[in-house]
Amino acid sequence: MNPMQQQQPHLVAQQLLDLSSKPLQHLMGLRDKPMMNSMANPMMNPMVNPMANTMHTTRLPNQMATSVHNPLMHQQNRSKNNYIFSALDDNVITKQVVDTHLPDGNDVDVKPLLDIVEDIIRYATINVDSTSLAEHTDVGKVESKLGSKPHEMNTVVMLNSLSHVIEKLASEMSLRCLSVGDGHTTALALLHMVGNFHWDAKLVLTLAAFALNHGDFCLLGQIHSSNQLGSSMAILRQVPMMMENSASLKPRFDILNKLIRSVLELTRCIMQFNELPSMYVTPDVPTMAKALNIIPTAVYWSFRGIVACATLITSITSNGHEYGKSSLELQPWELSTLILRINQLDEFFKKQLENCHRVVGERREMDFRNSFNQLFETVHIDNMKILKILISPRDDNLPLFDGATKKRVSLEVLRKRNVLLLISGLDMSSDELSILEQIYSESRIQGKRGDALYEVLWMPIVDPWIEYTEAMNKKFEEMKNRMPWFSVYHPSIIDRAVKRSIGDRWHFRSKPILVVLDLHGRELSPNAIHMMWIWGSNAFPFTSAREEALWREETWRLELLVSGMDPTILNWIRDDKYIFLYGGDDIEWIRKFTSNARAMATAARIPLEMAYVGKSKKRENVRRAIAAINVEKLSYTWQDTILIWFFWARIESMLFSKIQLKRDDDQDLIMLQIKKLLSYDKDGSWALLCRGSQILTNGHGSTMLETLTGFDLWKEHVPTRGFDLSFRDYHDKLYVAAGYCCQFEFPITAGRIPEGMRCPECHRLMEKYTAFLCCHDQTGLLEPY
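Residue 1 is where the sequence shown starts when you use UniProt numbering, and the numbers rise one by one after that.
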């Protein structure tokens, strides 16, 4: 067997060449000059001026730089210069550290090197609870782990250029730990040796040098009982004798392991600043500037920690069976304090890193929101780019759930399809879903999905600032499984920036909206939900032009209010009967109104039908009114309360549609009548009189009831002017005399709120108020039943 194959102690050195590299942003190199300037300014450097960072909640370790008195130090026969917290002036230390920093401008990617150093130290961690170091670590695991990493040429070249630096550092560290000197002097000497490197590279290279020495020592402990060469070398290093005295060495090795882990943790934290995107976090960002100012301080104290660890190991291996403390070795309390200082630095950097990530997130989100609108102004070949940005599938190839097949599918099913984005919260009502399902089903042609005019994709918006609970997930699953169209398979794939952009562009708050995208991803409508409630799929392709065209065809007629809801009322219309639609929740008014209406119809000899359509709010009161009407047989009612919700949703949608088209003017008859109807509903009871399709008049409950009870006062005009005109003229006189106020409510969740609105009666601009309303059974202008 080749003797070189037996040289197991050199495995650690070989490991330093077995790396994989990853591209890094070299922020440290770009920021060396600002750091040096701030370090040179004693008032700005927390290493010099403890008050420089009193704004931080994390107390910086450099605030402990004053002398710490401990009686143990007087009990040790050791050099005064080795006292870790000596009274050496902090300004002098700062200048000495900065003077060693002379970067040559060459960036070195040291992250792969740090990965290997962590591997070495992880597997070389000393555990003296067992009788042999070999019981603690399996060398084969190290070889397997490292052997699995790809060999990249740039990493090999990098290590070839750095190996001599690592060897020199390792030799210098060993020599100085055996000679008379203090930790500060040794740290500065090592800093001089890596003066041309950036701060992060200095730290990783010195850790690599320590890992090389430490790994050799621990490797002997692992193989000395099973390898002859290792056994002989272990004898020279007095490893067997050390193992025999493991109990007495345990406290020293425990603190050694803690210290080196603290240094590694701090190093890894500092390295993470390299990964921050420089386009979002620049040196002038306050939280980044704070971190950059403290990095030299952190590197210096990390060097002190490395030197302390190296000194402790040298003291143990060089003193043989005596195992006494070298005069260079720090006291346990000093090591503990050094650990505390490094941990405090680590806590400080983690806090700044968290702040930097927040800044990155905010700025990245702002960039996304700015580019989101531009995305819809760009011409695309198909709709895939838009859809991928909206639902952020990342690495998931099946981000959608097909409600028809109940299987997960890819975005490809929506390629070059007209897509309606149903955007809502998890509180979308069952009533809304039921009506939308009915309209969706009617849009399918012979049940073939490929022939359909459009596809629907549900995008549930969950507040990113609240915890997503199991109850919320259960609600999501229930809704997803109920829907016959496509859904995202989980709300989490909708990015927070996308949610904010949806709110910005399409004014989504909490009420459902329906955004229409054509097969190229172009936005046809920012919210077609109003067109859907008014005209259903007949409004396709849901553009503003189509909406305008449909309104031009419409007149103020009863079918506009009830089409597609109830065949009974449509039959009354075809039979040209007189029809009263009425609403409210005052059962006494309902009794008086229905009885007087019947009496008037009998006296006037007209065919009259009545239908109760409830209110847009107070659903429990409406349910009680329906029950009373049915029991007393007062009139016809809708047994399915979903129809009541749909009736008011359609009327509200007409209002919003007109506002969206900027048709809120005094010359629009339909808009005026919609305003009146919604205002009457808000104020209490109301009624609307039709003859067949023609709406004769609609009015407040009190004036309508008075018109009925006063039939004897105006019936004389019926023979000459006709019933229709006589009823309307008498009612209008009563209404003008009453002088009722009009009012409307627009919940903030509606998204778009008109800047102003004219009264449908007097045509003056209405006053605007901010109100807080709680009726206990609804949350908006229109609450589903």
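Think of the CB as a built atom: it goes at the ideal place given N, C-alpha and C, for glycine as much as any other residue. Computed from a prediction, not measured in an experiment: that's the story for all the values here.
Limits of the alpha helix (DSSP H) - the one that residue i falls within
| i | result |
| --- | --- |
| W458 | It is not in any alpha helix (DSSP H) - W458 instead sits in the beta strand (DSSP E) that spans 455–460. |
| Q694 | Premise fails: Q694 lies in the beta strand (DSSP E), 694–700, not in any alpha helix (DSSP H). |
| V360 | 332–375 |
| A471 | 470–482 |
| I502 | 496–506 |
| A597 | 587–604 |
| E437 | 430–443 |
| L660 | The identity of residue 660 in the sequence shown is Gln, whereas the question assumes Leu. Looking at the DSSP string, the run of the alpha helix (DSSP H) that includes Q660 is 641–660. |
| T185 | 183–193 |
| H530 | 529–535 |
| W572 | 567–574 |
Check whether residue i and residue j have beta carbons under 8 Å apart
| i | j | result |
| --- | --- | --- |
| I529 | I513 | yes |
| H380 | H520 | yes |
| Y735 | G710 | no |
| residue 786 | G215 | No statement about residue 786 is possible, as the shown extent of the chain runs from 1 to 785 and does not include it. |
| L212 | I166 | yes |
| N698 | K662 | no |
| L689 | F593 | no |
| F217 | C309 | no |
| T178 | T337 | The sequence shown places Leu at residue 178, rather than the Thr named in the question. No. |
| G564 | G583 | no |
| I590 | A627 | no |
| M479 | L400 | no |
| D382 | R415 | yes |
| I391 | M459 | yes |
| L696 | R728 | yes |
| L411 | L436 | no |
| P526 | W551 | no |
| L353 | Q272 | yes |
| W533 | S653 | yes |
6 Å CB neighbourhood of residue i in its chain, flanking five on each side removed
| i | result |
| --- | --- |
| Y636 | A611 |
| Y454 | N418, L420 |
| S441 | none |
| K577 | P607, E609 |
| M704 | A687 |
CB contact below 8 Å: residue i versus chain D
| i | result |
| --- | --- |
| L677 | Of the protein chains in the structure, only one exists, and it is not chain D. |
Chain-order list of residues whose beta-carbon lies under 7 Å from that of residue i (same chain, five-residue window excluded)
| i | result |
| --- | --- |
| D104 | N196 |
| K202 | L191, V194, V299 |
| M531 | A539, F542, E547, S657 |
| S693 | R557, L558, E559, I573 |
| R500 | E365, R369 |
| T186 | R176, V307 |
| N2 | With a pLDDT of only 37 at N2, under 50, the local geometry of the prediction cannot be trusted, and the value read off the model is given with reservation. Same-chain partners within the cutoff: there are none. |
| I587 | A625, A628 |
| E632 | none |
| N373 | R505 |
Identified DSSP bridge partners for residue i
| i | result |
| --- | --- |
| V419 | E455, L517 |
| A687 | Y582, G699 |
| K407 | D402 |
| A611 | L581, Y636 |
| R557 | Q694 |
| E523 | L517 |
| S424 | P460 |
Neighbourhood of residue i by C-beta, 8 Å cutoff - its chain only, sequence neighbours within 5 removed
| i | result |
| --- | --- |
| L205 | V110, L113, L162, V165, I166, L169, V194, F197 |
| S144 | Low local confidence applies: a pLDDT of 42 at S144 is under 50, so the model's placement there is unreliable, with the coordinate-based value given in what follows. Contacts found: none. |
| G503 | R509 |
| V622 | D585, G614, K615, T641, I644, Y785 |
Endpoints, the beta strand (DSSP E) within which residue i is located
| i | result |
| --- | --- |
| residue 790 | This structure cannot speak to residue 790, because the chain is shown only from 1 to 785. |
(request) Take every Cβ of the region 566–573, pair it with every Cβ of the region 676–689, and state whether three or more of those distances are shorter than 8 Å. (result) In this structure the region 566–573 does not lie against the region 676–689, because fewer than three pairs of beta carbons, one per stretch, are closer than 8 Å.
(message) Below 8 Å, how does it come out for the region 478–488 and the region 356–373: are there three or more Cβ pairs, yes or no?
(response) No, the region 478–488 is not in contact with the region 356–373.
(message) Is it the case that the region 185–202 contacts the region 167–176, given that we only count it when at least three CB pairs across the two stretches are under 8 Å?
(response) Yes, they touch.
(message) If contact is defined by three or more beta carbon pairs under 8 Å, each pair taking one atom from either stretch, is the region 295–305 in contact with the region 331–348?
(response) Touching, yes.
(request) For the region 421–431 and the region 474–485, state whether three or more C-beta atom pairs, one from each stretch, are separated by less than 8 Å. (result) Yes, the region 421–431 is in contact with the region 474–485.
(message) Within 8 Å, do at least three Cβ pairs link the region 704–721 to the region 637–647?
(response) Flag = no, the region 637–647 and the region 704–721 do not touch.
(message) Could you check whether the region 710–726 touches the region 593–610, counting it as contact only if at least three pairs of C-beta atoms, one from each stretch, sit closer than 8 Å?
(response) Touching, yes.
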